[in-house]
Structures are given as structure tokens and as C-alpha cells.
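I have placed the structure first, in the form of C-alpha cells, so that the comments after it can refer back to it.
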Amino acid sequence: MALISRSCSGFLAQLSSLTHHKAFSVSTAAAAIQKMTRVRVVDNSPLGSTPWHRSPRVIHVYTKNGVGKVGDRVLLAIKGGKKKALIVGHKMPGERMNPRFDSNNVVLIEDNGNPTGTRIKVPLPTHLRKMEGDYSKLLAIASRFV
Amino acid sequence: MYVLHCSRQFVSQILSHNVLRGYTGVVRGACLISKARRSTTFLYRRYTCLASQQMHPHLSAFYNGIRRYYADLHNEENVLKSDSPGKLLAQQDEYEMQSDSSQRNPQEDFNISVLVSLLRQENAADICVIKVPEDIKYTDYFIVVSGSSSRHLRAMALYAIKVYKYMKKDGDPHANIEGKDAEDWMCIDFGRMVVHFMLPETREVYELEKLWTLRSLDEQLSSIPVETLPEDFIYGADVNVTK
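Sequence lines, in order, name chains A and B. Heads up, the first sequence is in UniProt numbering, so the first residue is 1 and it goes up one at a time. Heads up, the second sequence is in UniProt numbering, so the first residue is 1 and it goes up one at a time.
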């Protein structure tokens with residue numbers, strides 16, 4: 001009895017998938033930035049622009065938990081070396097009225113906090129300004145705000 | 001009448017000391033107004049001149065000289081006219097309140113002219129003030145300033161913070177120096193204004209004035225190669241790819 005109902009429900013589900021399409025879009029679950037995530041360097045620094053056979057990856061996140069959100073500093077393994085960077089956007093949805101980006105964007109930074117590149121073409125979130133931390137330098141070399 | 005007389009002398013002292021270069025135009029205008037006998041507005045001008053003295057604490061010796069000078073004038077006038085001693089005492093009490101450095105000055109607000117005048121006073125080189133349009137909802141004024149050395153930059157930044165702390169009202173947010181451990185670039189965000197203190201070499205590298213005046217026509221921006229997606233790109237297809 002149970003077997004028959006199970007097969008019936010499977011058959012019914014297949015029928016419904018053939019006739020109906022979903023009315024909403026479905027995307028994969030995206031987590032914030034942690035170790036071993038591949039990131040996209042968005043400034044015009046030579047280190048971030050030259051191609052390499054491996055994409056830049058996060059090897060350490062400088063927060064209490066290992067999760068990086070917008071405004072957190074991370075350590076990247078890029079072109080066979082290590083470089084500090086700052087997260088300026090991630091795929092994971094954050095607060096409601098804050099923008100969500102389609103890629104995990106990162107800006108390279110020196111040890112003293114100065115940005116390595118001189119311009120950022122990708123839009124930066126404006127809530128960076130309200131956060132505690134040294135973000136005015138990044139906002140000064142940004143070209144678009146979102 | 002004695003008010004007009006002593007304030008004119010005070011004004012000439014200011015002009016001779018070249019302290020408030022930005023205010024000279026204002027004060028000269030006030031001299032002309034005094035002829036029309038609007039003593040209340042002239043008192044206000046003098047008050048603002050005195051109030052701006054507050055932000056230069058190393059000029060306190062000069063300030064004390066002025067106070068003594070004013071008190072002398074008062075005494076002279078007391079000899080000539082019969083002013084009530086109560087009025088004299090009240091005005092001197094006002095002076096006491098002004099010279100108390102722990103109290104904040106509520107009259108002036110920390111606007112762009114105050115900031116530029118203090119930067120000029122600190123011998124900042126190449127002060128560049130850019131008025132940012134309202135569409136870019138970042139700030140109203142973007143200021144880039146050069147210094148002769150990293151110590152000079154740090155001194156300028158700390159002095160700007162000190163003046164802001166003195167002149168801010170209760171509702172204003174705090175301002176802190178960003179990039180304290182960087183030697184060549186420091187910035188302060190004052191809400192309506194953002195100041196960047198850089199060494200001349202750093203300024204050449206970043207060219208912030210070019211970016212903020214020609215917004216999208218900046219040459220460094222246009223020299224970034226346009227990123228094109230590869231033809232076989234599928235959004236989200238690399239999620240289950242193991243490497």
C-alpha cells in the first residue's frame with residue numbers, strides 16, 4: 001500500500017514538472033567569503049589583472065569567526081604569493097536594503113591599508129561609509145557607488 | 001561709539017597679524033557697515049572674530065593681549081562715561097566663558113571655510129577643494145592636501161580633529177583619522193567634507209583630483225581594459241565544479 005502511494009506521488013510529481021514551470025527563480029545557496037573561496041579582484045592593480053592558471057583564493061579571514069562580509073580584511077593567495085585584500089561585495093544576501101553582488105568582489109590592499117590599485121571600476125556599496133574602519137581610501141578611488 | 005572704535009583697532013591688529021586671511025574680506029565689509037551705526041551686527045562680527053581665535057590655541061598669548069587691551073579700553077571709557085559696573089562685569093564674564101577651553105563653542109559650525117583656513121594656517125601645500133555634485137551621494141566637499149613630510153601630515157590631521165572636536169555640536173558624529181599606520185596617506189571623513197592628507201609622491205600616483213573632477217572621463221579609468229565574459233560562460237555553472 002505504501003509502495004503504491006509512493007510510486008503514485010512520484011508519477012504525479014513527474015507529470016507536474018512536465019506541465020508546470022516554476023513561477024519564481026531559484027538560485028544556489030551562496031555563503032559569505034571564507035577560506036578557499038575564489039574571489040574576483042576588481043581594482044586596476046597589476047597583481048590583480050595579470051592572468052594566472054589559478055584564480056585568487058582566500059586563505060585567511062581576519063574576523064572572529066572565519067566568515068567574511070563586506071568590509072572585512074582577508075588574505076589572498078594570488079599569483080603564487082600572499083596579499084591582503086578587502087571584501088567589497090559578496091554573493092550572499094545581507095541586509096534588505098544593501099546591494100547583493102553577482103560575484104565576490106575584493107580590492108587588494110597593502111599592509112598599511114593603502115589600496116594597491118589606483119581605480120575601481122566596479123560599483124562599491126555605499127554602506128561601506130557608515131561602517132567602522134578605514135574605507136575612505138577605497139571610496140576615494142571608486143568610480144561608481146551602488 | 002567706543003565699541004566701534006575699539007573693534008576697528010582690533011580689526012587692524014588682525015589684519016597686521018595675517019592670521020585670518022579668509023576673514024579679512026568679511027571684516028572689511030563690517031567696517032563699512034559700522035558707519036551705518038548698526039552696532040549689533042558689528043558686535044556679532046567681532047564676536048565671530050574672537051570665536052575663531054578659540055581654534056588657534058597656540059595663539060592664546062595673542063588672545064590674552066587682546067583681552068587686556070579690551071579691558072583697558074573699558075576702563076578708559078569708565079573714566080570718561082559713567083557706565084554701570086555691572087555691565088562691565090557681565091561682559092568680562094562673557095570673556096571668561098570664551099577663554100575656558102573645556103567648553104565648546106556653539107556659535108560657529110565646522111564648515112568648509114573653517115577647515116580651509118586651518119589648513120592654510122598649518123602651511124598645507126596644494127589645497128584642492130572639489131565641490132562634489134549631489135548625484136554622487138557621497139559628500140559635499142572633497143579636499144586633497146599635500147604635506148612636506150609624514151610628521152607634517154600627522155600634525156595637520158590631528159589638529160583638524162582637535163578643532164572639529166572643539167567646534168562640533170552634540171548631534172554631530174565623531175570623526176577619526178583613517179590610515180593612521182600609513183605614512184603617506186591619511187584621511188578624515190567629516191560627514192559633509194572628506195579630507196585627504198597625502199605626500200606629493202602619493203598624490204601623483206593616485207591623482208584623486210582628476211578622478212573627482214572628470215568623473216567618468218578620467219584617463220586611468222578608461223585605460224582599464226573592458227572585462228568581457230568568455231563565450232562559454234554560464235552564471236552559476238562553476239558551483240559544483242570540483243578542483
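For each residue, glycine too, the CB sits at the ideal point set by N, CA and C.
(request) Find the residues of chain B that neighbour Leu138 of chain A, judging by a C-beta separation of less than 9 Å, and give them in chain order. (result) Within chain B, not a single residue places a beta-carbon under 9 Å from that of Leu138 of chain A; the smallest gap is close to 10 Å.
(message) Taking the alpha carbon of Glu204 of chain B as the reference point, which residue from B:Met167, B:Ser146, B:Lys162, B:Met193 has its own alpha carbon closest?
(response) The closest CA to that of Glu204 of chain B, considering only B:Met167, B:Ser146, B:Lys162, B:Met193, is found on B:Ser146.
(message) Distance cutoff 8 Å, beta carbons only. Does Asn105 of chain A sit that close to anything in chain B?
(response) No, its Cβ sits nowhere closer than 8 Å to a Cβ of chain B.
(request) Can you tell me which of A:Thr63, A:Arg54, A:Asp102 puts its alpha carbon nearest to the alpha carbon of Ile234 of chain B? (result) Nearest of A:Thr63, A:Arg54, A:Asp102 to Ile234 of chain B, Cα basis: A:Asp102.
(message) Applying the 10 Å Cβ sphere with the 16-neighbour rule, what's the burial state of Leu128 of chain A?
(response) It counts as buried.
(request) Report all residues from its chain with a CB closer than 7 Å to the CB of Ser149 of chain B; omit the five preceding and five following residues, and keep chain order. (result) So the list is empty, once near-sequence residues are dropped.
(request) Could you say which of B:Asn123, B:Ile127, B:Asp126, B:Trp212 lies nearest to Pro133 of chain B if we only look at CA atoms? (result) Comparing Cα positions, the closest option is B:Trp212.
(request) Taking the CB atoms as reference points, tell me whether Lys35 of chain A and Ile59 of chain A lie closer together than 8 Å. (result) In this structure, the beta-carbon distance from Lys35 of chain A to Ile59 of chain A falls below 8 Å.
(message) Just to confirm, is the Cβ distance from Asp134 of chain A to Gly171 of chain B under 8 Å?
(response) Against a cut-off of 8 Å, the Cβ pair of Gly171 of chain B and Asp134 of chain A comes out as no contact.
(message) Can you tell me whether Ile234 of chain B is helix, strand or coil according to DSSP?
(response) Ile234 of chain B: coil per DSSP, three-state reduction.
(request) Please report the residue range of the alpha helix (DSSP H) in which Ser148 of chain B lies. (result) Looking at the DSSP string, Ser148 of chain B is not in any alpha helix (DSSP H), and its letter there is neither H nor E.
(message) Rounding to the nearest angstrom, what Cα-Cα distance links Phe62 of chain B and Tyr164 of chain B in this structure?
(response) Because Phe62 of chain B carries a pLDDT of 44, less than 50, the predicted location of this residue cannot be relied on, and the following value inherits that uncertainty. In a straight line, the C-alpha of Phe62 of chain B is about 22 Å away from that of Tyr164 of chain B.
(request) Can you give me the start and stop residues for the beta strand (DSSP E) that Ile127 of chain B sits inside? (result) Element bounds for Ile127 of chain B: 125-131.
(request) Please name the residue, chosen from A:His90, A:Val39, A:Lys121, A:Pro125, that lies closest to Leu76 of chain A on a Cα-to-Cα basis. (result) Answer by Cα proximity: A:Val39.
(message) Using DSSP's beta-bridge definition, name the partner residues of His60 of chain A.
(response) A:Leu75.
(message) Quick check: is the beta carbon of Asn98 of chain A nearer than 8 Å to any beta carbon in chain B?
(response) Asn98 of chain A does not count as touching chain B.
(request) Could you spell out the range, first to last residue, of the alpha helix (DSSP H) harbouring Leu211 of chain B? (result) Under the DSSP assignment, Leu211 of chain B falls in the alpha helix (DSSP H) whose first and last residues are 208-213.
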